[in-house]
Amino acid sequence: MFYRFMRGVVKVILAVINGNARYENKEVLPKDENYILVAPHRTWWDPLYLAVAASPKSFSFMAKEELFKNPVLRFILTRSNAFPVKRENPGPSVIKTPVKILKSTDLGLIMFPSGTRHATELKGGMALIAKMAKVKIVPAVYQGPLTLGDLFKRKRVIVRFGEPIDLSDIKKTDKEGMAEIERRTQAAFDQLDKEVNPDFKYEIIKKNESE
């Protein structure tokens with residue numbers, strides 16, 4: 003209930019700030035099964051757009067452990083289906099917690115396989131979680147403003163979803179199996195970007211320039 007309330011609040015805020023969003027290909031989103039929604043991490047607000055775009059589905063997501071030290075943020079995050087993750091030294095819970103959520107609840111999982119918006123290389127956590135939970139991966143891409151200034155200028159935001167990626171044919175979670183999952187996911191991202199804009203090229207904003 004709180005998650006849906008917060009998503010409604012976020013939807014209104016995004017509409018006031020930008021009001022120029024388009025959500026494409028929503029019909030491919032699974033309706034009767036759980037899944038992991040994955041995307042390249044390009045801005046700090048693309049998780050908000052993904053959550054709004056994929057509604058009415060509710061999701062859980064990872065948040066860095068430091069955010070939970072603030073009592074107000076902890077209240078909001080925990081009731082919005084977030085769970086803490088140690089960035090520097092992630093333990094077994096970084097895999098076990100989302101797998102349990104995917105298996106035992108109707109909450110999906112929003113993940114950014116590259117980890118941060120300053121990287122493009124995919125990490126293995128997404129692949130392992132998907133295989134252990136036995137769920138499909140649904141790729142998505144965000145194309146739109148990368149700075150707050152451009153967001154407030156109401157430049158077009160596009161979120162496009164891709165066909166679910168079925169991993170049932172990958173039998174082993176060994177190095178080769180994980181690499182194949184990551185290859186399929188990256189290929190889906192590249193294809194979606196081309197479908198939105200054939201000339202699209204993501205320019206990574208260096209951390210010291212954006213924060």
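Using the working numbering, the first residue of the sequence shown is number 3, and each one after it goes up by one. Note that the Cβ used here is the ideal one computed from N, Cα and C, for glycine as well.
Check: Other residues of its chain near Glu182: CB distance less than 7 Å, five sequence neighbours each side excluded; Outcome: Ile172
Check: Contact belief for Ile228 with Val140 at Cβ below 8 Å, rounded distance in angstroms; Outcome: The requested residue 228 does not occur in the structure, where the chain is confined to residues 3 to 213.
Check: Exposed unless 16 or more other CB atoms sit within 10 angstroms - verdict on Pro58; Outcome: exposed
Check: As assigned by DSSP and simplified to three states, the class of Gly110; Outcome: strand
Check: For Val30, the first and last residue of its enclosing beta strand (DSSP E); Outcome: Taken as a continuous stretch (DSSP letters only), Val30 belongs to no beta strand (DSSP E), as it is neither H nor E.
Check: Spatial neighbours of Arg162 in its chain, beta-carbon cut-off 7 Å, leaving aside the 5 residues before and after; Outcome: Glu26, Asn27, Ala142, Val143, Leu194, Glu197 and Val198
Check: Distance, Arg156 Cα to Thr99 Cα; Outcome: 37 Å
Check: Candidates Ala53, Phe154 and Lys105: closest to Ile131 by CA position; Outcome: Lys105
Check: Member of Val12, Pro49 and Phe154 whose CA lies at the smallest distance from the CA of Ile19; Outcome: Phe154
Check: 8 Å CB neighbourhood of Thr175 in its chain, flanking five on each side removed; Outcome: Ala129, Leu130, Lys133 and Met134
Check: Proximity of Ala53 and Ile112 at Cβ, strictly below 9 Å; Outcome: yes
Check: Exposure of Met64, with buried meaning 16 or more beta-carbon neighbours within 10 Å; Outcome: buried
Check: Whole-angstrom C-beta distance between Gly127 and Val96, which should lie under 8 Å; Outcome: 7 Å
Check: Residue range of the beta strand (DSSP E) that includes Val140; Outcome: Lys138 to Gln145
Check: As assigned by DSSP and simplified to three states, the class of His120; Outcome: Residue placement at His120 is flagged as unreliable, the pLDDT there being 48, under the threshold of 50; the coordinate-derived value follows with that caveat. Correct three-state label for His120: coil.
Check: Expected contact under 8 Å - CB spacing of Pro32 and Pro166 to nearest Å; Outcome: 6 Å
Check: For Phe85, the residue or residues it bridges with in DSSP; Outcome: Met64
Check: Helix, strand or coil at Leu169 [DSSP, three-state]; Outcome: coil
Check: Three-state class that DSSP yields for Tyr204 in the structure shown; Outcome: coil
Check: Residue span of the alpha helix (DSSP H) that contains Leu52, given as start and end; Outcome: Asp48 to Ala55
Check: Start-to-end residues for the beta strand (DSSP E) that takes in Glu163; Outcome: Looking at the sequence shown, residue 163 is not Glu but Phe. Counting along the chain, the beta strand (DSSP E) containing Phe163 begins and ends at Val159 to Phe163.
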